[in-house]
Structures are given as structure tokens and as C-alpha cells.
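Engineer: These protein sequences, in sequence, are chains A and B.
Counting from 65, one number per residue, gives the positions in the first sequence under our numbering.
Counting from 623, one number per residue, gives the positions in the second sequence under our numbering.
Note that the Cβ used here is the ideal one computed from N, Cα and C, for glycine as well.
Quick one: this structure, given as C-alpha cells, is what I'll be asking you about.
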Amino acid sequence: EAGVTQFPSHSVIEKGQTVTLRCDPISGHDNLYWYRRVMGKEIKFLLHFVKESKQDESGMPNNRFLAERTGGTYSTLKVQPAELEDSGVYFCASSLFGRGSYEQYFGPGTRLTVT
Amino acid sequence: AQRVTQPEKLLSVFKGAPVELKCNYSYSGSPELFWYVQYSRQRLQLLLRHISRESIKGFTADLNKGETSFHLKKPFAQEEDSAMYYCALGQGGSEKLVFGKGTKLTVNP
């Protein structure tokens, strides 16, 4: 079974540009999460989808970040316009719905560099 | 505020030696604690969680609510244990994880 996949694996963009990250969760997983790790800091929660609905977006840093999960399958995270402090590794994770859903399966991450 | 502290950024031991990776948390509710591991060039994966009280790859972790700790232990470290270890706190009702900064464990031959 394929695990969580993320695209691209790396992205280098200039400040002010737009970048869209994609996450494909494990098939059948209703929960989808986005996290990010900024250099030297801990992995931080961004938001949580249950199917296509945003369950918790308390970790989104500001309105330059927009996440969608149309149809409850894959998700995209768009950063527009990108700033230098957005550089880091963006992780996606998915899990089954219900008790035990804490076992989150992580993707390999997208390394974003904003220059 | 919810917080997870891993005081050691780096930890180096010799093969066969005991290892303990420390984790302390701050949470007013009933915590759910996890250890995640990331081996070189692999993705983050769940190692163990306190609810299951199991031993995985020889590692155990006991939740100590009095000391608000969830230290990860292994009596005899192996070279293949070298990895980045993250302690994480799950918050009931939210399901988001709060991570510590991680400890890089190196097991020397």
C-alpha cells in the first residue's frame, strides 16, 4: 500500500512568489494534517481536515496560507505571497477517523526554500 | 499552554549501553503521549504511544503524570537505533500533535 505522498519534494522560490504543495493521503484516511518544521524549531501543527472540512486551522500562521481538500481526497497548501520566514519542511500526515486516529502516517515532506 | 520539552538536542552512546531520551510535557488535561522516530532518509513514523504500554524494538516509555514525563528507554542500544526521536503530545478532542524539538541519537560501534 502506498503511503502518504507529497509533491514536490523540494521547491525553491523567490520572495513574493506563489507555491502550491500537494499531499495525497493514504486511501481511506479521512483525517489529513499539515505540519511544518522551520529551521531549528519544532514540528508545528498547521491544520487538520476531516474529509473536506477544516476541523482545526488554529496553527495557520497568517492569511498568506490557504489549504484546501476538495472532494476529501488530496490536499493542497498554497503560500501566496511567500516570505523568507516560510522556508522550512512541510509535512502532511493522514490517519483513519475515530479512536486510534492518533496514529498519524507522515509523508516525506516538502522542503521549501524562499530566497 | 501545551508544550513538549526534549532537553537533549544530541545524545551519543556506545552500542550495548543503556539509553534514555528525556521528554517532559506541559498540559492541563489528560495527555496522550507518543514517540515518533525518523531514521536517516526515511519519513517520520510512530514508535510507540503510552496507551498501548508496549515495547517496540526494545524501547519502552512510561508516562509519569507526577513528573509530567514520558522518557524513552532502551537497555541495550543498537547501531540501527541511530535516528532522530520526537516526543509528541496529543490533545484530546483536537487530534493535533504538539512535538518537542527532537533528540538526535547516535549509537557508536
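Going straight from the alpha carbon of A/Thr-82 to that of B/Thr-728, what length do you get?
Structural biologist: In the first sequence, counting from the first residue as 1, residue 82 of chain A sits at position 18. In the second sequence, counting from the first residue as 1, residue 728 of chain B sits at position 106. Answer to the nearest angstrom: the Cα atoms are 38 Å apart.
Engineer: Please classify B/Thr-725: does DSSP put it in a helix, a strand, or coil?
Structural biologist: Sequence index remark: in the second sequence, residue 725 of chain B carries index 103 (1-based). Correct three-state label for B/Thr-725: strand.
Engineer: To the nearest angstrom, how far is it from the Cα of B/Asn-646 to the Cα of A/Ser-91?
Structural biologist: Start at 1 with the first residue of the second sequence, and residue 646 of chain B comes out as number 24. Start at 1 with the first residue of the first sequence, and residue 91 of chain A comes out as number 27. If you take the alpha carbons of B/Asn-646 and A/Ser-91, they lie about 34 Å apart.
Engineer: Under 9 Å, CB to CB, which of the residues in the region 85-105 of chain A have a partner in chain B?
Structural biologist: Asn-95, Tyr-97, Tyr-99, Arg-101, Gly-104, Lys-105
Engineer: Leaving out five residues before and five after B/Asn-730 in sequence, what residues of the same chain have Cβ atoms less than 6 Å from its Cβ?
Structural biologist: Working through the second sequence from its first residue, we reach residue 730 of chain B at position 108. If we look at B/Asn-730 and ignore the five residues flanking it on each side, its Cβ neighbours are Phe-636.
Engineer: Going along chain B, which residues have a C-beta under 7 Å from A/Gly-171?
Structural biologist: Taking the first residue of the first sequence as 1, we reach residue 171 of chain A at position 107. Under the 7 Å cutoff, chain B gives Arg-665.
Engineer: Look at the alpha carbon of A/Gly-104 and the alpha carbon of B/Tyr-649, and state the distance between them as a whole number of angstroms.
Structural biologist: Residue numbering aside, residue 104 of chain A sits at position 40 when the first sequence is read from its first letter. Residue numbering aside, residue 649 of chain B sits at position 27 when the second sequence is read from its first letter. Approximately 23 Å, taken between the alpha carbons.
Engineer: Output the distance between the C-alpha atoms of B/Glu-654 and B/Arg-671, rounded to the nearest integer angstrom.
Structural biologist: Along the second sequence, one-based indexing puts residue 654 of chain B at 32. Along the second sequence, one-based indexing puts residue 671 of chain B at 49. Distance between the alpha carbons of B/Glu-654 and B/Arg-671: 8 Å.
Engineer: Secondary structure at A/Thr-82, three-state DSSP: helix, strand or coil?
Structural biologist: On the first sequence, position 18 is the one that residue 82 of chain A refers to. Three-state DSSP puts A/Thr-82 in coil, outside helix and strand.
Engineer: What does DSSP give as the partner residue(s) for A/Tyr-138 in the beta ladder?
Structural biologist: Start at 1 with the first residue of the first sequence, and residue 138 of chain A comes out as number 74. A/Tyr-138 is not bridged to any residue.
Engineer: Hey, how far is the Cα of A/Ser-139 from the Cα of A/Leu-176?
Structural biologist: Residue mapping note: residue 139 of chain A aligns to position 75 of the first sequence, counting from 1. Residue mapping note: residue 176 of chain A aligns to position 112 of the first sequence, counting from 1. Answer to the nearest angstrom: the Cα atoms are 17 Å apart.
Engineer: Anything in chain B within Cβ reach of A/His-112, meaning under 7 Å, just list it in chain order.
Structural biologist: Counted from its first residue, the first sequence places residue 112 of chain A at position 48. Glu-717, Lys-718, listed in chain order.
Engineer: Kindly list the residues whose CB is nearer than 6 Å to the CB of B/Ala-639, restricted to its own chain and excluding five residues on each side of it in sequence; keep chain order.
Structural biologist: Stepping through the second sequence from its first residue, residue 639 of chain B is reached at position 17. Same-chain partners within the cutoff: Ala-699.
Engineer: Do B/Gln-660 and B/Met-706 have their C-beta atoms within less than 8 Å of each other?
Structural biologist: Along the second sequence, read from residue 1 onward, the residue named residue 660 of chain B stands at position 38. Along the second sequence, read from residue 1 onward, the residue named residue 706 of chain B stands at position 84. Taking 8 Å as the Cβ cut-off, B/Gln-660 and B/Met-706 qualify as a contacting pair.
Engineer: Quick check on A/Glu-116 - is its C-beta less than 8 Å from some C-beta in chain B?
Structural biologist: Counting from 1 along the first sequence, the entry for residue 116 of chain A is found at position 52. Not closer than 8 Å to any Cβ of chain B, the Cβ of A/Glu-116 fails to qualify, so no.
Engineer: Just by C-beta distance, which residues in the region 118-139 of chain A are closer than 9 Å to chain B?
Structural biologist: For the region 118-139 of chain A, the residues whose beta carbon sits under 9 Å from a beta carbon of chain B are, in order, Gln-119, Asp-120, Ser-122, Gly-123.
Engineer: Along the chain, where does the beta strand (DSSP E) that runs through A/Asp-120 open and close?
Structural biologist: Mapped onto the first sequence, residue 120 of chain A falls at position 56. Looking at the DSSP string, the run of the beta strand (DSSP E) that includes A/Asp-120 is 117-120.
Engineer: If you reduce the DSSP assignment to three classes, tell me which class A/Glu-132 lands in.
Structural biologist: Counting from 1 along the first sequence, the entry for residue 132 of chain A is found at position 68. Looking at A/Glu-132 - three-state DSSP - the assignment turns out to be strand.
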